[in-house]
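Remarks on the structure that follows.
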Amino acid sequence: MTIEFRIDPYPDNQALNALWATAWNESTPRDFSSILPRSLAHIGAFHGVRLIGFVNVASDGGIHAFILDTTVAPEFRRQGIATKLVEMATNVARERGAEWLHVDFEPHLAGLYRNLGFAATEAGLIRLGD
584 MTIEFRIDPY PDNQALNALW ATAWNESTPR DFSSILPRSL AHIGAFHGVR
634 LIGFVNVASD GGIHAFILDT TVAPEFRRQG IATKLVEMAT NVARERGAEW
684 LHVDFEPHLA GLYRNLGFAA TEAGLIRLGD
């Protein structure tokens with residue numbers, strides 16, 4: 584199985600929503616067309632023409648960048664795809680001027696992010712919607 588990783592591939596809404604539907608059990612379509620152009624970078628993992636993995640790197644426009652939406656289709660998990668996505672995102676963020684890279688994650692993903700060099704920090708979070 585060959586997986587191709589691409590920097591800033593600008594996948595269309597259909598491809599991203601299909602990935603979200605399988606990975607997050609998310610049935611409400613989202614419009615990514617205004618998000619991706621404002622990102623510092625995004626990385627896509629492709630199996631043929633199918634988007635099977637994705638990570639977005641948001642930025643404050645200065646020295647801080649943020650890993651968001653690390654996603655891999657369930658049937659492709661545990662093959663190092665998320666690791667490669669985050670490694671590439673880290674390198675691209677550094678190359679594009681970020682000095683700090685932040686990530687929030689659920690407890691079961693701590694090993695992944697610790698192995699990639701992320702240190703534990705305290706942070707806060709407030710849900711603004713439903």
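Each number in this note's numbering comes from the position in the sequence shown (counting from 1) with 583 added on. The beta carbon of each residue, even a glycine, is placed where N, CA and C say it ideally should be.
Does the distance from the C-beta atom of residue i to that of residue j stay below 8 Å?
{"i": "Ala-628", "j": "Val-640", "result": "no"}
{"i": "Leu-602", "j": "Leu-634", "result": "yes"}
{"i": "Arg-679", "j": "Leu-623", "result": "yes"}
{"i": "Ala-706", "j": "Asp-687", "result": "yes"}
{"i": "Ala-681", "j": "Ser-617", "result": "no"}
{"i": "Gly-638", "j": "Thr-653", "result": "A small fix is needed here, since residue 638 is Val in this sequence, not Gly. Yes. Within cutoff."}
For residue i, name the three-state secondary structure that DSSP assigns.
{"i": "Gly-680", "result": "coil"}
{"i": "Arg-589", "result": "strand"}
{"i": "Leu-695", "result": "helix"}
{"i": "Pro-594", "result": "coil"}
{"i": "Ala-706", "result": "coil"}
{"i": "Leu-711", "result": "coil"}
In its own chain, which residues sit with a C-beta less than 6 Å from the C-beta of residue i, not counting the 5 before and 5 after it?
{"i": "Glu-587", "result": "Phe-629"}
{"i": "Glu-609", "result": "Trp-603"}
Under the assumption that residue i contacts residue j (Cβ atoms under 8 Å), give the Cβ distance between them as a whole number of angstroms.
{"i": "Gly-636", "j": "Leu-599", "result": "Contact flag wrong, Cβ pair sits at about 11 Å."}
{"i": "Glu-670", "j": "Leu-699", "result": "7 Å"}
{"i": "His-625", "j": "Asp-595", "result": "The pair is not a contact, with the Cβ atoms about 13 Å apart (cut-off 8 Å)."}
Cutting at 7 Å between CB atoms, please list the residues of its own chain near residue i, excluding the five before and the five after it.
{"i": "Thr-605", "result": "Ala-656, Pro-657"}
Problem - Those runs of the alpha helix (DSSP H) which lie wholly inside the stretch 603-685 and span at least 4 residues - result: 664-678
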